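The UniProt record's numbering puts the first residue of the sequence shown at 1, with every later residue one more than the last.
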Amino acid sequence: MTGSKTKKRKPAKKNLVIVESPAKAKTIEKYLGRSYKVLASKGHIRDLPKSRMGVDIENNYEPTYISIRGKGDTIKTLKKEAKKAKQIYLAADPDREGEAIAWHVAHLLDLSLTDKNRVVFNEITKDAVKNSFKSPRTVNMNLVNAQQARRILDRLVGYSLSPILWQKVKKGLSAGRVQSIALKLVIAREKAIKNFKPEEYWTIAAHFQESANKKQKFAANFYGSKGKKQKLNSQSAVQAILQKIQRQEPFTITKVTRKERKRYPAAPFTTSSLQQEANRKLNFKTRKTMMLAQQLYEGINLGAKQGSVGLITYMRTDSTRISQVAQHEATDFLQTEFGSQYTVRKVHATKNPEGAQDAHEAIRPTSVQRTPESLKSVLSRDQYRLYNLIWARFLASEMAPAILDTMSVQLEQQEVQFRASGSKIKFDGFLKLYQDDQKTPDNILPDLKEGQAVHLLDTDPEQHFTQPPARYTEATLVKALEENGVGRPSTYSPTIETIQRRYYVKLNGRSFEPTELGEIVDNLIEKYFPDIVNIDFTAQLETELDEIEAGKEQWTTVVDKYYQPFSKELVAADQKIEKLQIKDEPAGMDCEVCGAPMVIKLGRYGKFYACSRFPDCRHTQAITKEIGVICPRCQKGQVVERKSKKNRLFYGCSRYPECEFVDWNKPVGRNCPKDQHYLVEKKVKGGRQVVCPNGDYEEAVQK
1 MTGSKTKKRK PAKKNLVIVE SPAKAKTIEK YLGRSYKVLA SKGHIRDLPK SRMGVDIENN
61 YEPTYISIRG KGDTIKTLKK EAKKAKQIYL AADPDREGEA IAWHVAHLLD LSLTDKNRVV
121 FNEITKDAVK NSFKSPRTVN MNLVNAQQAR RILDRLVGYS LSPILWQKVK KGLSAGRVQS
181 IALKLVIARE KAIKNFKPEE YWTIAAHFQE SANKKQKFAA NFYGSKGKKQ KLNSQSAVQA
241 ILQKIQRQEP FTITKVTRKE RKRYPAAPFT TSSLQQEANR KLNFKTRKTM MLAQQLYEGI
301 NLGAKQGSVG LITYMRTDST RISQVAQHEA TDFLQTEFGS QYTVRKVHAT KNPEGAQDAH
361 EAIRPTSVQR TPESLKSVLS RDQYRLYNLI WARFLASEMA PAILDTMSVQ LEQQEVQFRA
421 SGSKIKFDGF LKLYQDDQKT PDNILPDLKE GQAVHLLDTD PEQHFTQPPA RYTEATLVKA
481 LEENGVGRPS TYSPTIETIQ RRYYVKLNGR SFEPTELGEI VDNLIEKYFP DIVNIDFTAQ
541 LETELDEIEA GKEQWTTVVD KYYQPFSKEL VAADQKIEKL QIKDEPAGMD CEVCGAPMVI
601 KLGRYGKFYA CSRFPDCRHT QAITKEIGVI CPRCQKGQVV ERKSKKNRLF YGCSRYPECE
661 FVDWNKPVGR NCPKDQHYLV EKKVKGGRQV VCPNGDYEEA VQK
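So, in structure tokens, the structure goes:
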């Protein structure tokens with residue numbers, strides 16, 4: 001009997017799925033099983049070249065795309081695996097940019113645009129991912145062209161404006177459509193603050209008590225006289241009112257109004273509202289919020305049994321819409337956890353912002369059963385805080401409204417009227433889970449009746465002055481951009497980051513202030529390129545990009561419409577703008593290296609000291625401010641204020657680098673009475689507090 005050789009079977013071909021991020025790839029591969037291989041493009045793999053315009057204006061704005069530097073190995077791997085694959089699927093994110101990434105990948109792999117190989121899902125869960133592969137579609141060229149129009153127009157504007165700024169103002173500057181509007185908003189607010197003229201006004205608070213019950217006291221505020229509301233603009237007006245009041249005579253309750261009022265929950269998060277709320281409540285910058293949200297969307301490892309799971313739906317959305325499946329799941333959870341009285345019989349009607357694309361539903365947890373507490377051990381502190389915010393806001397949006405009993409009272413004597421209002425929570429509703437920005441009322445009035453007499457205890461007149469508008473924070477700047485229709489959810493974070501990186505604005509605490517450089521750039525653009533900083537003009541472009549996405553406009557037509565008038569402004573500006581010189585200021589001290597006078601220069605991260613003999617002498621120093629405290633480490637240098645590259649204030653020793661003492665909190669020059677560690681001053685709710693960094697000692701909060 002002769003032996004026979006058995007042929008080795010060739011391994012079965014796998015389906016290749018291409019996504020953007022490795023974290024997303026890992027999560028999806030687990031759901032799809034062994035017959036699929038999932039690889040990541042790691043973002044864009046083709047783009048316009050950095051070294052030149054890359055747009056042929058004379059040839060219908062034809063773009064020149066090249067492989068991104070550093071992506072060679074990724075592209076090589078994708079091409080190698082594509083040759084072996086049974087079928088190739090493009091599963092980039094479900095938005096314009098994701099569609100453009102899918103299109104670029106298809107081009108590099110020579111895939112036909114008629115192939116149904118594009119899969120999209122709004123959440124990275126097993127059911128959502130598997131269902132998306134049941135109905136793949138072709139690459140949507142309307143979405144691609146909308147993204148392409150934005151990218152090309154931004155390139156035309158940026159690469160045309162920036163050289164003028166380099167030539168006329170300073171090297172390293174840049175300008176763009178959305179960032180110019182953001183800068184203009186900050187500067188316009190600063191001008192409004194500087195030009196603001198405070199106006200005097202007065203209030204009169206009064207305290208009353210019931211005649212029948214001496215213990216029942218309540219407060220009321222002056223309303224007006226002779227039945228008409230009256231403003232008090234001077235102390236003499238206040239005195240005239242007080243002289244009318246007979247102190248020994250009672251006031252009469254002339255009107256009592258009792259009502260039941262409902263407070264409805266806010267809608268679930270959009271990208272914009274998430275960025276605003278995370279900034280207000282968690283003090284997160286928009287960039288940090290989006291980074292953490294991306295991690296929660298792409299997948300978090302929940303342990304050996306569950307593996308990597310996407311915890312929230314897609315985080316780039318302008319819609320407040322929620323799927324019926326998610327609504328039913330929320331209702332079941334609320335009934336189990338809180339009772340049926342906390343669920344809604346009728347779904348709250350939510351209205352999307354004007355101009356919203358409504359391509360995806362609102363940001364929500366992929367499963368409300370995954371409570372924040374159950375995930376605390378697998379999430380980082382900041383991931384947990386953001387997930388908790390998203391989870392609570394979504395569930396609250398599906399809860400019954402809070403019911404408040406309100407009561408308003410009008411009191412009168414000698415034709416002088418005071419008014420008091422009070423309310424109490426009758427049913428907490430959604431407030432049981434989520435506190436919104438409105439103050440929860442706790443002012444309860446006595447059970448007063450019309451015709452009842454009450455006694456005046458005292459009056460408290462107080463002078464006030466109207467306040468200027470507040471500077472923009474990240475939250476309010478995002479809100480302003482959204483309200484003006486400028487940009488889209490994905491653009492807010494990089495826009496705000498850009499104007500800070502270019503040192504056009506700086507953060508003072510949590511508020512933006514324009515810099516001298518920012519004002520120079522804004523003045524120049526506003527004078528010579530008015531359309532770029534025209535809010536209506538820029539908002540109209542966003543509408544036309546939506547029209548391209550809907551297939552109602554050609555992308556080249558839209559680009560040409562906006563570029564042609566801009567190109568004429570470019571020619572005129574190049575001829576008219578004179579070179580601006582940002583003069584160095586004398587520093588009032590000499591260079592410690594060569595003895596020449598030092599000057600104050602304006603650099604990328606703000607002002608700094610430099611030798612006037614530059615470039616012969618390259619000595620520079622950071623501009624610091626002493627706080628009057630000896631360094632607690634070396635006991636020789638002074639503690640000075642410094643700023644990080646991200647413009648965050650910190651404190652260090654003036655003898656750096658000899659002494660490397662640093663602290664984010666301000667040392668106060670005293671030691672802890674318990675362990676002799678130096679004390680610092682921290683910002684806390686309601687003011688500032690002196691504490692020991694070791695946590696064993698703290699003093700009363702100073703408002």
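Positions of the beta carbon are idealized from the N, C-alpha and C atoms, including for glycine.
All of these numbers come straight from a predicted model, not from anything done at the bench.
Counting C-beta pairs closer than 8 angstroms gives fewer than three between the segment 134-141 and the segment 523-536, which falls short of the contact rule. Taken in chain order, the complete alpha helix (DSSP H) segments of 4 or more residues contained in the segment 475-551 are 489-501, 516-528, 535-549.
Residue 202: member of the beta strand (DSSP E) spanning 200-210, first to last residue.
Counting C-beta atoms within 10 angstroms of its own C-beta, residue 692 has 16 or more neighbours from the protein chains shown and is therefore classed as buried. As DSSP reads the structure, residue 695 sits in no beta bridge. Annotation: the continuous beta strand (DSSP E) that includes residue 260 extends over 251-263.
The beta carbon of residue 653 lies closer than 7 angstroms to those of 631, 633, 634, 637, 639, 659, 661 in the same chain, with the five residues before and after it left out.
Beta-bridge partners assigned by DSSP to residue 403: 262, 427. By the neighbour-count criterion, in which 16 or more other beta carbons inside 10 Å mark a residue as buried, residue 199 falls on the exposed side. With contacts defined as CB atoms closer than 8 angstroms, residue 101 and residue 41 qualify as a contacting pair. DSSP places residue 89 inside the beta strand (DSSP E), whose first and last residues are 88-90. Between the alpha carbons of residue 146 and residue 154 lies a gap of roughly 12 angstroms. In this chain, the alpha helix (DSSP H) harbouring residue 325 covers 324-337. Rounded to the nearest angstrom, the gap between the Cα atoms of residue 289 and residue 690 is 30 angstroms. When C-beta atoms of the segment 474-489 are compared with those of the segment 159-168, fewer than three pairs fall below 8 angstroms, so the two segments do not count as touching.
By the CB criterion at 8 angstroms, residue 461 and residue 190 fall outside the cutoff.
Minimum Cα-Cα distance from residue 376 among the listed residues 387, 413, 110 corresponds to 387. With a beta-carbon spacing of about 5 angstroms, residue 187 and residue 522 fall inside the 8 angstroms limit used to define contacts. Residue 185 places its beta carbon less than 8 angstroms from that of residue 477. In this structure, residue 449 lies near residue 253, with their beta-carbon atoms less than 8 angstroms apart. Sequence-distant partners of residue 590 (beyond 5 residues in either direction) whose C-beta falls short of 8 angstroms from its own C-beta, in its chain, are 596, 597, 598.
Between residue 292 and residue 300, the beta carbon gap of about 11 angstroms keeps them out of contact (Cβ cut-off 8 angstroms). Rounded to whole angstroms, the Cβ separation of residue 429 and residue 401 is 5 angstroms, and the two are in contact under 8 angstroms. The three-state secondary structure of residue 638, taken from DSSP, is strand. Boundaries of the beta strand (DSSP E) harbouring residue 455: 453-465, taken from the DSSP string.
Counting along the chain, residue 625 sits inside the beta strand (DSSP E) bounded by residues 625-630.
Spatial neighbours of residue 250 in its own chain (CB-CB distance under 8 angstroms, excluding positions within 5 residues in sequence) are listed in chain order as 211, 413, 453, 454, 455, 456. Counting along the chain, no alpha helix (DSSP H) covers residue 139, and no H or E run does either. At the C-beta level, residue 265 and residue 399 come within 8 angstroms of one another. Excluding sequence positions up to five before and after residue 79, its CB lies within less than 8 angstroms of the CB of 108, 109, all in the same chain and listed in chain order.
Residue 650 counts as exposed, since fewer than 16 other beta carbons sit within 10 angstroms of its beta carbon. Taking 8 angstroms as the cut-off, the Cβ atoms of residue 496 and residue 182 count as close. The Cβ-Cβ distance between residue 393 and residue 409 does not fall below 8 angstroms.
According to the DSSP secondary-structure assignment, residue 306 is paired through a beta bridge with no residue.
Residues of the same chain with a CB within less than 6 angstroms of the CB of residue 64, apart from the 5 flanking positions on each side, are 54 in chain order.
Residue 68 and residue 47 do touch by the CB rule: their CB atoms are close to 5 angstroms apart, below 8 angstroms.
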